[in-house]
Amino acid sequence: MRGLYIHVPFCRQKCFYCNFFSVQYNDILANKYIHALLKHAVKFKNRKVDSVYVGGGTPSVLSLRQLQKVLQSLYKIFDLSKVREFTFELNPESASREKLHFLREIGVNRLSIGLQSVEDVSLKFLGRMHDFKTFCYVYDMARRENFDNINIDLIYGLPNQTLKDWKRTIKKTLVFDSEHLSLYPLTIEENTRFYGSNIVTCDNVQRNMYDQVVEILASSGYSHYEISNWSKQNRESLHNMNCWRNFEYVGLGAGAAGYFKRKRYKNVEDVGKYIDLLRSGYGAEVENEYIDDRVYEMETIILGLRLLDEGLDIRCFKKPRYYNVLLECLEDKTLKIKDGRIKLAKECVFIFNHVASRFV
Ligand SMILES: C[S@@+](CC[C@H](N)C(=O)[O-])C[C@H]1O[C@@H](n2cnc3c(N)ncnc32)[C@H](O)[C@@H]1O
Ligand code: SF4
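Counting from 850, one number per residue, gives the positions in the sequence shown under my numbering.
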C-alpha cells in the first residue's frame, strides 16, 4: 500500500466556490467522527505506507487534542516507519503554534496551506476566513517550527482580476519561497454559493494568466511537473505523484476516494451515515468499480499525461487502439516523445481534457 489519504470533512465555514465534501465543524460530532475513522483505519492494520496525506475539508480545524488522538492512533495502527512524505492541509485561521509544533514532532514533514489570494478583498469575495496578514504570520510560524516543505494553494481568474493583479499576486507569493505551488483557475461548481449567482469567469483571461505564471515560475526556479503544480527540485508531492502514476492508495473517512486491489471506491459522503456504518461494523464504501485491464490501461495513460516532466513509458501505448491515437497526437504535436517517454506538449496543457478524451 503506497498511499494513505485521510479526509477531515469539517470546515469553520464553507467558502463560496468550494464543493469539496465538508460540513461545519462541531466538537462533539468531530469526536464521534474520529472514533469512526479510527475504526475504519483498523481494517488496514499494520500495513506499511509510503506517504500519508491528511486533507479536507480543513484538518487544522480539529482541536489539538483531536489532532493528537488521530495522528498518534495512525502511528499505532499503520506501519509508518518508512513514510517518506506526510502532508497535512492547513488553513491559516485555524493554525496555532501548539498544533504546528505537535504536527512537526509527530512526523508531519509537509504542509499545504490554502492562501488562495494575497488581496484581502478577494479573500472576502471567496468567503475565506483569513486575511493575508494571518497567512504571513502562520507561514512564518511554520518555518520557525522547522517545516521545510510547504505548498501554497492559490486561485486565479477571479471576476475582475486583471493580468496585472495576478502578476502582483505571484510576485508577492514568490517572496515566501515555498517549495511547492498549486495554482487553480476559479471554477464555478454546482452546490456552491457562487453557482447560480451572476459570477462568471473567462476562459481566455484564465488562459492568459496561466501562460503568464508558467513563464514567471520557469524563471524563478520552479519546475512545472504537473498541470496545476510547480515545485522546487525534488519537492514534488510524492503522494499526488503516486496517484497520477496510478498506484494504489487507501482513502479513509467520509467522502474519501481510494484505489486498492484494482478497485476504485468512494466512501459515503455523509458524516452521520459514516459514523453509523462504522459503529455497526459495516464498511463505508458506497461506490466501487473493479478496474479491469482495459480501464486500468486507459486510466494509466490519462493520469500519467498530467505529469509533464515524467510523462509515460511508450510501452503504455502498446495496444493498437492507444498506439493509433498516440501516432495521431504525435503528428498534430499535442504529444511529444523524448527518450522513450511520451509527454504532453506544454502548449497543450490548457486543453488537457480534450487530449485525454481521445484515449477514452
Ligand atoms: C479541498 S481544498 C482544501 C484545502 C483547504 N481546506 C483550504 O481551504 O485551503 C484544496 C484546494 O482546491 C482549490 N479549490 C477548491 N475549489 C476550487 C474551485 N471551485 N476553483 C478553483 N480552485 C478550487 C483551492 O485552492 C483549495 O485550496
Ligand atoms: S476551500 Fe477549504 S476551507 Fe474552504 S470550504 Fe473548501 S475545504 Fe473548506
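Just so you know, even glycine gets a beta-carbon here, dropped at the ideal spot from N, CA and C.
Since this is a predicted model, take the numbers as computed values, not measurements.
Does DSSP put residue 1108 in a helix, a strand or coil?
-> strand
Segment contact flag, the stretch 1090-1110 with the stretch 1045-1059, C-beta cutoff 8 Å, min 3 pairs = no
When we look at the beta-carbon of residue 1116 and count the other beta-carbons within 10 Å, is it buried (16 or more) or exposed?
-> buried
Count the other C-beta atoms from every protein chain shown that fall within 10 angstroms of the C-beta of residue 1051, then say buried if there are 16 or more, exposed otherwise.
-> exposed
Consider the C-beta atom of residue 869 and the heavy atoms of ligand 2; say whether any pair is separated by less than 7 Å.
-> yes
As assigned by DSSP and simplified to three states, the class of residue 1173 = helix
Cα-Cα separation between residue 1212 and residue 988, rounded to whole angstroms = Residue numbering for the chain in the displayed model covers 850 to 1209; residue 1212 lies beyond these limits and cannot be assessed.
C-alpha gap between residue 895 and residue 923, whole angstroms | 10 Å
Cβ-heavy atom distance between residue 936 and ligand 2 below 7 Å?
-> no
Integer-rounded CB distance, given that residue 1133 should sit under 8 Å from residue 889 = 6 Å
Inspect the CB distances between the stretch 1113-1131 and the stretch 1158-1178 and report whether three or more fall short of 8 Å.
-> no
Find out if the Cβ-Cβ distance for the pair residue 1003, residue 1032 is shorter than 8 Å.
-> yes
Spatial neighbours of residue 947 within its chain, please: CB distance less than 7 Å, with the 5 preceding and 5 following residues excluded, ordered by chain position.
-> 913
What's the C-alpha gap between residue 873 and residue 977?
-> 14 Å
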